[in-house]
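Note sheet for the following structure.
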Amino acid sequence: MNGEQTKKETFIDMNYSNMITTLRQLAIQLGTIAMETENEFLKVGENLYACSFAGMECSNHVTSLLEAINSDANKDQREILLQKLQQENETFISTISEALLQSNTLIQKNDLKVKLEVINDSTSLLIDEISTSFEEAKLFCNRTADRASRITPEIGEVVSAIQFHDITRQQMEHAGKSLSDIAEKTASLQGRDGDERIMLNHWISKALEIQKAQLDNVAKETTKAAENISSHLLKVSGLILEQAEDANAILGESGQDSTQKAEELSKLLSDISSNIKEMSLTIADTPVQEACMNVKESNETNNSGGTTEEMKEIVKNNFDNLAGLIHDFSRDTNEAVEKLFRHSGELKHSINEILAEAEKLNTEILGVISMISFDKTIKNRIGTITTEIDNIRFEVNQCISDSACPVEFTPDLAELLERYTMQSERQVHEAVMEGVDLGEIDLFGMDETGESSDNEAAEDNGGDELGDNVELF
Amino acid sequence: MSKTIMTVDDSASVRQMVSFTLKGAGYEVVEAVDGKDALTKLNSAQVQMIITDLNMPNLDGIGLMKEVRANPSYKFVPIIMLTTESQDAKKQEGKAAGATGWIVKPFKPDQLLAVVKKVLG
């Protein structure tokens, strides 16, 4: 061994010494990244708890409201009330018309005709208003329930993406352990020479290339996980915003509308009531004697042949009958309006609660999204580590002579294969060994379809039914 | 009374997501950080199902399963492996040790709940 060769080997050994130190530091750093970022994943998870809970509350609220609106009891009660109102209106109108025909000239016919038309129209409006109000509430609840059902799968995607912390943590741990192994192999170089040394250099170079590829994959998967968490949370947020906008529209349009309609209906009821009262008073104020005279004249004209006493009795009965009808009609109309107002009040209260929950939930989600930074942390830290790995590999490659490596690498690199706990790691390893571009390989998990490819062929035992990644024995 | 399920995983985020999914569906959840911790907690808690990771420090999933199956109280309790591992050889090892089923991470909440419902009836 001449002096020049000794000098070169000392230089190389000194570089190896630096490499060993760096590799050990990188191994430690990889363990730290996983620990540091775990807290952030856990925070996202904690917030997901809160979001999901609030989302469920919101959804439950809407479901109960929908159930209440659609309940048979509610529907039956509403139908009965509407039918009763309709029937009583018809009976009232026809009875009063008949009574008027019989009493003929009791009061001014033209005035009564107008009032009867107003009552008829007002009652129809009231019936329409009750029906529309229920239909609007039903539509709102259906839309809200549909959106609530779309929130759950989005939260499921976030749950799935959060687990990528465990996946990437293992990958980083495995890479860290491999870097430690590489450091130890490098340390053993000092006692080797000749072919053995060349073999080790080749092993180190390939092993470093594999670790770099594994870590690049970690960075890629982490970015996808963060994108998935953000995009699915944004979808949840979007759905919640739509809920809020919808609720706002109902409250806004109907908020103004509701007050307006309430005022209109109140006026309507008052009109009906005053019309009825007015008519009743007009009828009551008509002198019986005059009425009987008129009836008599009318009967004489119509040649119906009744006595005055009989005619008086008919008119009296008609008044009594009308008084009863007015009372029943007024009572049922009041009941219908009261029910409608009460229902509108309850609906408004429920929608207000849903709106408040939705706004709170949306703020929380946007807060969660804004605090997601683990992808940048991991990407930056891994970027620094892989740059170091590249530098070390460059130096190692410089030490490798141009002569072909005299041995196969498989036995030693198989040790690395045994460390892997997931198919994607094995795929990356094999791709590097075979010189295949990693971009051509569909690695597990977060692809566009959401299907995991990090799984061997699905078995028939529940796999089809429960998903490709599930197997029941 | 709701059923109790034990989740065993050295990853806090996975335990959190399993608990989140199961608690949301009305189950009680007991968490253990590895196989050894699970065995300790099984002495004081009555569980109707175990969902465990495969690779863990102190005592791994296979070791845990062997210990659990040796305990007459838990001989027939369903045990689902929830792991990143998808190799058939590992699955067969798990099956031989007494696993009821195998889920490869990441899981979707509806998948996990479907498995739990199917296994617990």
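Sequences listed follow chains A and B, in order.
Residues in the first sequence are numbered from 0 upward in steps of one, following numbering that gives the first Met the number 0.
Residues in the second sequence are numbered from 0 upward in steps of one, following numbering that gives the first Met the number 0.
Idealized CB from N, CA, C, for every residue including glycine.
Keep in mind the model is a prediction, meaning the values are calculated, not measured.
- Counting along the chain, residue 383 of chain A sits inside the alpha helix (DSSP H) bounded by residues 373-398.
- Look at residue 82 of chain B here: in three-state DSSP terms it is strand.
- Contact fails between the region 31-42 of chain A and the region 354-366 of chain A, because fewer than three Cβ pairs, one in each stretch, are under 8 Å apart.
- At a cut-off of 8 Å between beta carbons, residue 196 of chain A makes no contact with chain B.
- C-alpha of residue 43 of chain A to C-alpha of residue 371 of chain A: approximately 8 Å in a straight line.
- The Cβ atoms of residue 25 of chain A and residue 178 of chain A sit closer than 8 Å to each other.
- With contacts defined by Cβ atoms closer than 8 Å, residue 218 of chain A and residue 377 of chain A form a contacting pair.
- The straight-line gap separating the alpha-carbon atoms of residue 421 of chain A and residue 85 of chain B is approximately 7 Å.
- Remark: three or more beta-carbon pairs, one from each stretch, lie closer than 8 Å, so the region 10-27 of chain B and the region 151-167 of chain A are flagged as touching.
- With distances taken between CA atoms, residue 120 of chain B lies nearest to B:77 out of B:108, B:87, B:77.
- For the region 45-71 of chain B, the beta-carbon criterion of a distance under 8 Å to any beta-carbon of chain A is satisfied by 53, 54.
- Against chain A, the CB of residue 85 of chain B has a partner CB under 8 Å away; the residue lies at that interface.
- The criterion of a C-beta distance shorter than 8 Å is satisfied by residue 63 of chain B and residue 51 of chain B.
- Not a single C-beta of chain B is nearer than 8 Å to the C-beta of residue 153 of chain A.
- Listed along the chain, the chain B residues whose CB falls inside 7 Å of the CB of residue 386 of chain A amount to none; the nearest CB is some 27 Å away.
- If you draw a straight line from the Cα of residue 89 of chain B to the Cα of residue 389 of chain A, it is about 34 Å long.
- Each residue's CA atom was taken as its position, placing residue 373 of chain A and residue 55 of chain B some 24 Å apart.
- Taking 8 Å as the cut-off, the Cβ atoms of residue 415 of chain A and residue 209 of chain A count as close.
- Boundaries for residue 62 of chain B: no beta strand (DSSP E) harbours it, while the alpha helix (DSSP H) harbouring it runs 60-69, taken from the DSSP string.
- Listed along chain A, the residues sitting closer than 8 Å to residue 12 of chain B by beta-carbon distance are 37, 40, 41, 44, 161, 162, 164, 165.
- Beta bridge pairing from DSSP links residue 5 of chain B with B:29, B:49.
- Taking C-beta atoms as the reference points, residue 418 of chain A and residue 164 of chain A fail to come closer than 8 Å.
- Bridge pairing for residue 469 of chain A: B:102 [DSSP].
- The alpha-carbon of residue 166 of chain A is positioned some 8 Å away from that of residue 104 of chain B.
- Chain-ordered, the chain B residues with CB closer than 7 Å to the CB of residue 472 of chain A read 94, 98, 99, 100.
- Pairing residue 375 of chain A with residue 82 of chain B, the inter-Cα distance amounts to about 26 Å.
- Using a CB distance cut-off of 8 Å, residue 370 of chain A does not count as an interface residue toward chain B.
- In the DSSP assignment, residue 19 of chain B falls within the unbroken alpha helix (DSSP H) covering 11-23.
- For the set A:465, A:225, A:348, A:239, the Cα lying nearest the Cα of residue 368 of chain A is the one of A:225.
- Straight across, the Cα-Cα distance linking residue 352 of chain A with residue 44 of chain B is about 40 Å.
- In the three-state DSSP reduction, residue 361 of chain A falls in the helix class (H, G or I).
- In terms of CA proximity to residue 8 of chain B, B:31 leads the group B:0, B:31, B:24.
- The C-beta of residue 435 of chain A has fewer than 16 other C-beta atoms within 10 Å across all chains shown, which makes the residue exposed.
- Of the candidates B:67, B:28, B:12, the residue whose Cα lies closest to the Cα of residue 34 of chain B is B:67.
- A Cβ-Cβ distance of about 5 Å is found for the pair residue 25 of chain B and residue 1 of chain B, placing them in contact under the 8 Å criterion.
- Between residue 421 of chain A and chain B, the shortest Cβ-Cβ separation is below 8 Å.
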